[in-house]
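Last residue of the sequence shown: 298 in the numbering used here, with the numbers rising by one and none dropped. Note that the Cβ used here is the ideal one computed from N, Cα and C, for glycine as well. Notes for the one structure printed next.
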Amino acid sequence: MYFIKRGEPLFLKASEMVSLAEEKRCSLGEIALMYESTLLKLPEKSIIKEMEHRYNIMRESVFQGLKENPPSMRLLHPCAGKVYNSEKEGKTAIGGLHTRAAARAMAALHINCGMGIVCAAPTGGSAGVIPGVLVTLAEEKNLSLERTIYSLLAAGGIGLIVAERATFAAEVAGCQVEIGAATAMASAAVVEAAGGSPQQAIDAAAISFQNTMGSVCDLVQGTVEIPCHTRNATGASSAFVCADLILGGYENPVSLDETIDAVYSTGKMLPAELRCTSLGGLAVTPSAKSMKPIK
(Lines of atoms letter the chains of each structure in order from A and count residues from 1; the text may use other names and numbers.)
(Lines give C-alpha, C1' and ligand atoms only; values in the text may rest on other atoms or scores of the structure.)
Protein backbone atom coordinates (compact mmCIF):
# COMPACT_ATOMS: atom_id res chain seq x y z
CA MET A 1 0.00 0.00 0.00
CA TYR A 2 1.27 3.44 -0.90
CA PHE A 3 0.23 6.56 0.97
CA ILE A 4 0.14 9.90 -0.80
CA LYS A 5 1.96 12.77 0.85
CA ARG A 6 -0.58 15.52 1.30
CA GLY A 7 1.18 17.76 3.80
CA GLU A 8 4.63 19.13 4.61
CA PRO A 9 7.14 17.26 6.79
CA LEU A 10 7.51 18.51 10.35
CA PHE A 11 11.28 18.04 10.20
CA LEU A 12 14.04 16.79 7.91
CA LYS A 13 16.89 16.41 10.38
CA ALA A 14 17.36 14.27 13.47
CA SER A 15 18.27 17.39 15.43
CA GLU A 16 14.97 19.00 14.42
CA MET A 17 13.10 15.82 15.34
CA VAL A 18 14.56 15.83 18.85
CA SER A 19 13.97 19.56 19.33
CA LEU A 20 10.32 19.21 18.39
CA ALA A 21 9.90 16.15 20.61
CA GLU A 22 11.40 18.03 23.54
CA GLU A 23 9.21 21.04 22.82
CA LYS A 24 6.10 18.85 22.71
CA ARG A 25 7.34 16.76 25.65
CA CYS A 26 6.80 13.51 23.83
CA SER A 27 8.82 10.42 22.99
CA LEU A 28 10.50 9.67 19.67
CA GLY A 29 7.70 7.28 18.78
CA GLU A 30 5.08 9.90 19.55
CA ILE A 31 6.77 12.58 17.45
CA ALA A 32 7.15 10.09 14.59
CA LEU A 33 3.41 9.44 14.78
CA MET A 34 2.75 13.17 14.67
CA TYR A 35 5.05 13.44 11.64
CA GLU A 36 3.21 10.72 9.71
CA SER A 37 -0.20 12.10 10.58
CA THR A 38 0.80 15.59 9.43
CA LEU A 39 2.54 14.44 6.25
CA LEU A 40 -0.21 12.08 5.11
CA LYS A 41 -3.13 14.12 6.44
CA LEU A 42 -4.47 11.04 8.20
CA PRO A 43 -5.74 10.72 11.78
CA GLU A 44 -3.23 9.23 14.20
CA LYS A 45 -5.48 6.24 14.84
CA SER A 46 -5.24 5.34 11.13
CA ILE A 47 -1.44 5.47 11.29
CA ILE A 48 -1.44 3.25 14.38
CA LYS A 49 -3.74 0.76 12.68
CA GLU A 50 -1.39 0.58 9.69
CA MET A 51 1.61 0.09 11.97
CA GLU A 52 -0.21 -2.69 13.80
CA HIS A 53 -0.78 -4.37 10.45
CA ARG A 54 2.91 -4.15 9.61
CA TYR A 55 3.93 -5.39 13.03
CA ASN A 56 1.62 -8.37 12.67
CA ILE A 57 3.37 -9.26 9.40
CA MET A 58 6.72 -8.97 11.15
CA ARG A 59 5.61 -11.14 14.05
CA GLU A 60 4.16 -13.79 11.76
CA SER A 61 7.38 -13.94 9.73
CA VAL A 62 9.30 -14.62 12.94
CA PHE A 63 6.91 -17.33 14.13
CA GLN A 64 6.81 -19.01 10.72
CA GLY A 65 10.59 -18.93 10.44
CA LEU A 66 11.02 -20.58 13.84
CA LYS A 67 8.82 -23.53 12.91
CA GLU A 68 10.32 -26.95 12.31
CA ASN A 69 9.85 -26.81 8.54
CA PRO A 70 9.98 -23.23 7.25
CA PRO A 71 10.12 -22.58 3.50
CA SER A 72 13.30 -23.84 1.86
CA MET A 73 15.98 -21.46 0.63
CA ARG A 74 18.44 -21.66 -2.22
CA LEU A 75 21.79 -21.99 -0.43
CA LEU A 76 21.17 -22.30 3.30
CA HIS A 77 19.31 -24.85 5.37
CA PRO A 78 16.90 -23.06 7.75
CA CYS A 79 18.40 -23.05 11.23
CA ALA A 80 16.69 -20.28 13.22
CA GLY A 81 14.48 -22.73 15.09
CA LYS A 82 17.48 -24.91 15.87
CA VAL A 83 19.43 -21.96 17.28
CA TYR A 84 16.41 -20.80 19.27
CA ASN A 85 15.81 -24.24 20.78
CA SER A 86 19.50 -24.82 21.47
CA GLU A 87 19.58 -21.61 23.49
CA LYS A 88 16.50 -22.67 25.45
CA GLU A 89 18.15 -26.01 26.22
CA GLY A 90 21.35 -24.36 27.47
CA LYS A 91 23.49 -25.63 24.62
CA THR A 92 24.89 -22.25 23.58
CA ALA A 93 27.94 -20.59 25.11
CA ILE A 94 26.21 -17.57 26.64
CA GLY A 95 22.61 -17.46 25.50
CA GLY A 96 20.11 -14.96 26.76
CA LEU A 97 17.88 -12.34 25.21
CA HIS A 98 20.49 -11.29 22.63
CA THR A 99 20.78 -14.81 21.25
CA ARG A 100 17.02 -15.28 21.10
CA ALA A 101 16.66 -11.94 19.30
CA ALA A 102 19.29 -13.08 16.82
CA ALA A 103 17.43 -16.34 16.19
CA ARG A 104 14.18 -14.46 15.66
CA ALA A 105 15.85 -12.11 13.19
CA MET A 106 17.18 -15.07 11.22
CA ALA A 107 13.72 -16.61 11.28
CA ALA A 108 12.17 -13.61 9.57
CA LEU A 109 14.90 -13.63 6.92
CA HIS A 110 14.27 -17.35 6.33
CA ILE A 111 10.75 -16.39 5.31
CA ASN A 112 12.03 -13.62 3.05
CA CYS A 113 14.43 -15.97 1.28
CA GLY A 114 11.77 -18.66 1.08
CA MET A 115 9.53 -16.28 -0.88
CA GLY A 116 7.18 -15.77 2.05
CA ILE A 117 5.57 -12.55 3.24
CA VAL A 118 7.73 -10.11 5.19
CA CYS A 119 7.71 -6.41 5.96
CA ALA A 120 10.67 -4.64 4.37
CA ALA A 121 12.24 -2.87 7.32
CA PRO A 122 13.68 -0.97 5.60
CA THR A 123 14.51 -3.51 2.85
CA GLY A 124 13.90 -7.18 2.13
CA GLY A 125 17.53 -8.07 2.79
CA SER A 126 17.33 -6.41 6.21
CA ALA A 127 13.83 -7.62 7.03
CA GLY A 128 14.93 -9.64 10.06
CA VAL A 129 16.49 -7.09 12.40
CA ILE A 130 13.49 -5.01 13.48
CA PRO A 131 11.07 -7.96 13.69
CA GLY A 132 13.62 -9.89 15.75
CA VAL A 133 14.00 -6.99 18.16
CA LEU A 134 10.31 -6.06 18.43
CA VAL A 135 9.09 -9.61 18.95
CA THR A 136 11.77 -10.11 21.59
CA LEU A 137 10.67 -6.94 23.39
CA ALA A 138 7.02 -7.94 23.23
CA GLU A 139 7.56 -11.56 24.24
CA GLU A 140 10.25 -11.18 26.87
CA LYS A 141 9.81 -7.68 28.27
CA ASN A 142 6.00 -7.87 28.39
CA LEU A 143 5.74 -4.86 26.12
CA SER A 144 2.13 -3.99 25.39
CA LEU A 145 0.95 -3.77 21.80
CA GLU A 146 0.68 0.00 22.19
CA ARG A 147 4.27 0.35 23.39
CA THR A 148 5.46 -2.04 20.70
CA ILE A 149 3.84 0.12 18.04
CA TYR A 150 5.42 3.27 19.44
CA SER A 151 8.77 1.48 19.39
CA LEU A 152 8.18 0.63 15.74
CA LEU A 153 7.29 4.27 15.10
CA ALA A 154 10.54 5.33 16.78
CA ALA A 155 12.40 3.03 14.41
CA GLY A 156 10.52 4.64 11.56
CA GLY A 157 11.54 8.06 12.81
CA ILE A 158 15.18 7.09 12.35
CA GLY A 159 14.37 5.58 8.98
CA LEU A 160 12.81 8.74 7.63
CA ILE A 161 15.98 10.69 8.45
CA VAL A 162 18.09 8.06 6.66
CA ALA A 163 15.78 8.26 3.66
CA GLU A 164 16.10 12.04 3.61
CA ARG A 165 19.88 12.26 4.03
CA ALA A 166 21.08 9.04 2.39
CA THR A 167 19.61 5.89 0.85
CA PHE A 168 18.48 2.37 1.68
CA ALA A 169 20.03 0.91 -1.48
CA ALA A 170 23.05 -1.35 -1.03
CA GLU A 171 23.66 -0.87 -4.75
CA VAL A 172 24.50 2.75 -3.91
CA ALA A 173 26.16 2.59 -0.49
CA GLY A 174 26.67 -1.02 0.60
CA CYS A 175 25.22 -3.12 3.39
CA GLN A 176 25.66 -0.30 5.88
CA VAL A 177 22.52 1.41 4.55
CA GLU A 178 20.43 -1.77 4.61
CA ILE A 179 21.24 -3.98 7.59
CA GLY A 180 23.21 -1.10 9.11
CA ALA A 181 20.17 1.15 8.84
CA ALA A 182 17.87 -1.55 10.19
CA THR A 183 20.13 -1.99 13.21
CA ALA A 184 20.22 1.76 13.87
CA MET A 185 16.43 1.89 13.63
CA ALA A 186 16.10 -1.08 15.97
CA SER A 187 18.47 0.50 18.49
CA ALA A 188 16.17 3.50 18.73
CA ALA A 189 13.20 1.16 19.12
CA VAL A 190 14.83 -0.49 22.15
CA VAL A 191 15.46 2.89 23.78
CA GLU A 192 11.84 3.89 23.13
CA ALA A 193 10.63 0.64 24.70
CA ALA A 194 12.82 1.26 27.75
CA GLY A 195 11.37 4.73 28.26
CA GLY A 196 14.47 6.59 27.14
CA SER A 197 14.46 10.13 25.82
CA PRO A 198 14.36 11.12 22.14
CA GLN A 199 17.99 12.23 22.39
CA GLN A 200 18.99 8.86 23.80
CA ALA A 201 17.12 7.09 21.02
CA ILE A 202 18.89 8.96 18.24
CA ASP A 203 22.23 8.57 20.01
CA ALA A 204 21.72 4.80 20.13
CA ALA A 205 20.96 4.89 16.41
CA ALA A 206 24.08 6.97 15.80
CA ILE A 207 26.52 4.66 17.56
CA SER A 208 24.89 1.69 15.89
CA PHE A 209 25.55 3.26 12.49
CA GLN A 210 29.09 4.12 13.55
CA ASN A 211 29.72 0.44 14.25
CA THR A 212 28.52 -0.75 10.84
CA MET A 213 30.03 2.04 8.76
CA GLY A 214 31.89 0.71 5.76
CA SER A 215 30.18 -2.68 5.68
CA VAL A 216 30.05 -4.00 2.13
CA CYS A 217 27.30 -5.80 0.26
CA ASP A 218 28.88 -9.03 -1.00
CA LEU A 219 25.93 -11.40 -1.15
CA VAL A 220 26.89 -14.89 -2.30
CA GLN A 221 25.48 -15.91 -5.67
CA GLY A 222 23.20 -12.89 -5.75
CA THR A 223 20.79 -14.07 -3.06
CA VAL A 224 20.16 -12.42 0.30
CA GLU A 225 21.26 -15.47 2.29
CA ILE A 226 25.03 -15.34 2.87
CA PRO A 227 26.18 -13.31 4.80
CA CYS A 228 22.80 -11.62 5.16
CA HIS A 229 21.34 -14.10 7.66
CA THR A 230 24.10 -13.74 10.22
CA ARG A 231 24.27 -9.99 9.68
CA ASN A 232 20.57 -9.66 10.45
CA ALA A 233 21.09 -11.84 13.52
CA THR A 234 24.01 -9.87 14.89
CA GLY A 235 22.22 -6.63 14.01
CA ALA A 236 19.32 -7.60 16.26
CA SER A 237 21.70 -8.44 19.10
CA SER A 238 23.67 -5.25 18.58
CA ALA A 239 20.54 -3.10 18.85
CA PHE A 240 20.20 -4.09 22.51
CA VAL A 241 23.89 -3.42 23.19
CA CYS A 242 23.80 0.04 21.60
CA ALA A 243 20.66 0.94 23.54
CA ASP A 244 22.24 -0.25 26.80
CA LEU A 245 25.43 1.71 26.15
CA ILE A 246 23.51 4.96 25.74
CA LEU A 247 21.05 4.30 28.57
CA GLY A 248 24.00 3.29 30.73
CA GLY A 249 25.80 6.59 30.27
CA TYR A 250 27.89 6.56 27.09
CA GLU A 251 27.93 10.07 25.58
CA ASN A 252 27.80 9.98 21.79
CA PRO A 253 30.19 12.61 20.35
CA VAL A 254 29.02 12.59 16.70
CA SER A 255 25.40 13.45 15.96
CA LEU A 256 23.08 11.15 14.06
CA ASP A 257 22.76 13.65 11.20
CA GLU A 258 26.54 13.84 10.80
CA THR A 259 26.87 10.09 11.19
CA ILE A 260 24.34 9.39 8.44
CA ASP A 261 26.15 11.85 6.16
CA ALA A 262 29.43 10.06 6.87
CA VAL A 263 27.84 6.66 6.23
CA TYR A 264 26.46 7.82 2.90
CA SER A 265 29.75 9.40 1.86
CA THR A 266 31.66 6.28 2.83
CA GLY A 267 29.24 4.04 0.97
CA LYS A 268 29.65 5.97 -2.25
CA MET A 269 33.42 5.47 -1.97
CA LEU A 270 33.01 1.69 -2.11
CA PRO A 271 33.92 0.12 -5.46
CA ALA A 272 31.09 -1.36 -7.50
CA GLU A 273 32.36 -4.84 -6.66
CA LEU A 274 31.29 -4.29 -3.06
CA ARG A 275 27.88 -2.80 -3.71
CA CYS A 276 25.41 -5.64 -4.31
CA THR A 277 27.01 -6.99 -7.48
CA SER A 278 28.39 -10.26 -6.07
CA LEU A 279 31.72 -9.41 -7.71
CA GLY A 280 33.80 -9.00 -4.55
CA GLY A 281 34.20 -9.94 -0.92
CA LEU A 282 32.75 -13.26 0.22
CA ALA A 283 30.95 -13.67 -3.09
CA VAL A 284 34.18 -14.45 -4.97
CA THR A 285 35.72 -16.86 -2.48
CA PRO A 286 36.22 -20.43 -3.73
CA SER A 287 33.72 -21.77 -1.19
CA ALA A 288 31.04 -19.32 -2.26
CA LYS A 289 31.56 -19.90 -5.96
CA SER A 290 31.42 -23.67 -5.56
CA MET A 291 28.16 -23.78 -3.59
CA LYS A 292 25.34 -25.67 -5.26
CA PRO A 293 21.66 -24.82 -4.86
CA ILE A 294 19.83 -27.04 -2.38
CA LYS A 295 17.60 -29.50 -4.21
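Original post:
How big is the Cα-Cα spacing for residue 243 and residue 212?
Top reply: Here residue 243 refers to the residue found at position 240 of the sequence shown. Here residue 212 refers to the residue found at position 209 of the sequence shown. About 14 Å.
Original post:
Within the present structure, is the beta-carbon of residue 149 separated from the nearest heavy atom of the ligand ATP by less than 7 Å?
Top reply: Questions concerning the ligand ATP fall outside what the structure shown contains, since it holds no ligand whatsoever.
**OP:** Let me know the alpha helix (DSSP H) ranges lying completely inside the stretch 250-297, each 4 residues or longer, listed in chain order.
**Re:** 259-272 and 289-293
Original post:
Which residues in the same chain have their Cβ closer than 7 Å to the Cβ of residue 174, if we skip the five residues on either side of it in sequence?
Top reply: Stepping through the sequence shown from its first residue, residue 174 is reached at position 171. For residue 174, where only same-chain residues beyond five positions count, the Cβ hits under 7 Å are 278 and 279.
Original post:
Mind checking whether residue 3 and residue 125 have CB atoms under 8 Å apart?
Top reply: Within the shown structure, residues of the chain are numbered from 4 to 298, placing residue 3 beyond reach of any answer.
Original post:
Between which two residues does the alpha helix (DSSP H) carrying residue 106 extend?
Top reply: Taking the sequence shown and counting its residues from 1, the one referred to as residue 106 is at position 103. 100-116 is the span of the alpha helix (DSSP H), which, as asked, contains residue 106.
Original post:
Taking the Cβ atom as the reference point for each residue, do residue 129 and residue 140 lie within a distance shorter than 8 Å?
Top reply: Stepping through the sequence shown from its first residue, residue 129 is reached at position 126. Stepping through the sequence shown from its first residue, residue 140 is reached at position 137. No, these two residues do not count as a Cβ contact at 8 Å.
**OP:** Name the residue from 101, 265, 29 and 235 whose alpha carbon lies nearest to the alpha carbon of residue 111.
**Re:** One-based indexing of the sequence shown puts residue 111 at position 108. It is 235.
Original post:
Roughly how many whole angstroms lie between the Cα atoms of residue 87 and residue 229?
Top reply: Locating residue 87 in the sequence shown gives position 84, counting from the first residue. Locating residue 229 in the sequence shown gives position 226, counting from the first residue. Cα-Cα distance, rounded: 19 Å.
Original post:
Alpha carbon to alpha carbon, what distance is there between residue 81 and residue 72?
Top reply: What you label residue 72 is simply residue 69 of the sequence shown in a count that begins at 1. What you label residue 81 is simply residue 78 of the sequence shown in a count that begins at 1. Each residue's Cα considered, the two are about 8 Å apart.
**OP:** Determine the direct distance from the alpha carbon of residue 225 to that of residue 157, and round the result to whole angstroms.
**Re:** Here residue 157 is taken as the residue at index 154 of the sequence shown, counted from 1. Here residue 225 is taken as the residue at index 222 of the sequence shown, counted from 1. About 32 Å.
Subject >> Rounded Cβ spacing between residue 30 and residue 195 (contact assumed at less than 8 Å) >> reply: Taking the sequence shown and counting its residues from 1, the one referred to as residue 30 is at position 27. Taking the sequence shown and counting its residues from 1, the one referred to as residue 195 is at position 192. Yes, they are in contact, since the Cβ atoms of residue 30 and residue 195 sit about 6 Å apart, within 8 Å.
**OP:** Check whether the Cβ atoms of residue 21 and residue 179 sit closer than 8 Å, and answer yes or no.
**Re:** Start at 1 with the first residue of the sequence shown, and residue 21 comes out as number 18. Start at 1 with the first residue of the sequence shown, and residue 179 comes out as number 176. Contact flag unset, no.
Subject >> Residue interval of the alpha helix (DSSP H) (run including residue 172) >> reply: In the sequence shown, the residue the question calls residue 172 occupies position 169. Taken as a continuous stretch (DSSP letters only), residue 172 belongs to no alpha helix (DSSP H), as it is neither H nor E.
Original post:
For residue 231, which three-state DSSP category applies?
Top reply: Here residue 231 corresponds to residue number 228 of the sequence shown, with the count starting at 1. Helix at residue 231.
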